[in-house]
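Protein chains in written order, with the working numbering: chain A, 89 to 183; chain B, 89 to 183.
Beta carbons are placed, not taken as given, at the ideal position from N, Cα and C, and that holds for glycine.
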DNA sequence: GCAATAATTAGAAACTTGTCTAATTATCTA
DNA sequence: TAGATAATTAGACAAGTTTCTAATTATTGC
């Protein structure tokens, strides 16, 4: 898990919105773009950042490229955060 | 919980290292700074970002300013992440 | 093969961030 | 009150980010 890439990716509101759109299931780049008032070039840049953080996965379907969430990384990140503070007992840190 | 401020704060490696140092308990600005090869002015800037995100709390103790983690925000953030993806059942989303 | 559509890459402009030095504020102690 | 120490604020600058337009790549269907 590349912490730096993940946090950097999550730091932008547009990228978080993209991730949110993907909660409902896989979407093509174009479908995701419909929700944003931004060029497809800028979108592509955001996709690249998200991919580098391994937060999304891609698959080409003919002319289209389909994006989907990589839930595993979210879980890892959440766990990491739970373990990152001196929390009450039972909040995460194992053994 | 100000998502934007929190993610922005977490996106910098120095700030994450500061938070990590604070896991062991409260420290003064100076004590935190010992671990970093960076001016106290830059450190102060990072503290300000962390405070704005409510990730740390401060308290003046005489000449010193003591920093401590605000665990609540970490927990909230972790929970938010758990709920942010279409996870397997039981991973967080209530009801 | 060619035109149309989907998406990315390249290069540039505007904005933001992290860092520095210098100056300032707050507190302690003699 | 003056000097010393802890920390922050102000202002400047280099590096990184987000966005754009224009050009390029990949695929479909005639």
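*Below 8 Å between beta carbons is the criterion; list the residues of the segment 161-172 of chain A that meet it against any residue of chain B, in chain order.*
162, 163, 165, 166, 167, 169, 170, 172
*At a Cβ threshold of 8 Å, is residue 139 of chain A touching chain B?*
no
*Inspect the CB distances between the segment 121-133 of chain A and the segment 125-139 of chain B and report whether three or more fall short of 8 Å.*
no
*Taking 8 Å as the CB-CB limit, is residue 107 of chain B close to chain A?*
yes
*In angstroms, rounded to a whole number, what distance separates the CA positions of residue 172 of chain A and residue 160 of chain B?*
12 Å
*So with Cβ pairs under 8 Å, would you call residue 123 of chain A a contact of chain B?*
No, no contact with chain B.
*Got a sec: is the Cβ-Cβ distance from residue 187 of chain B to anything in chain A below 8 Å?*
Outside the displayed range of chain B (89 to 183) lies residue 187 of chain B, so it cannot be described from this structure.
_In the DSSP output, which residue or residues are listed as bridge partners for residue 156 of chain A?_
A:145
_Terminal residues of the alpha helix (DSSP H) in which residue 135 of chain A lies_ = 128-140
*Would you verify that the beta carbon of residue 99 of chain A is, or is not, closer than 8 Å to some beta carbon of chain B?*
Answer yes: the Cβ-Cβ gap between residue 99 of chain A and chain B drops below 8 Å somewhere.
*Just reading off the alpha helix (DSSP H) that residue 122 of chain B is part of, what are its end residues?*
Per DSSP, residue 122 of chain B lies in no alpha helix (DSSP H) and is assigned neither H nor E.
*asked:* Buried or exposed, going by whether 16 or more other CB atoms sit within 10 Å of the CB of residue 152 of chain B?
replied: Under this definition residue 152 of chain B is an exposed residue.
_Euclidean distance between Cα positions of residue 138 of chain B and residue 122 of chain B_ = 18 Å
*Beta-carbon spacing of residue 154 of chain B, residue 116 of chain B below 8 Å*: yes
*Cα-Cα separation between residue 103 of chain A and residue 149 of chain A, rounded to whole angstroms*: 22 Å
*Rounded straight-line distance, which links the Cα of residue 167 of chain A to that of residue 90 of chain A*: 14 Å
*Determine the contact status of residue 165 of chain A and residue 94 of chain A, defining contact as a CB-CB distance below 8 Å.*
yes
*So which residues on chain B does residue 135 of chain A lean against when the C-beta distance must stay under 8 Å?*
None at all; the shortest Cβ gap to chain B is about 17 Å.
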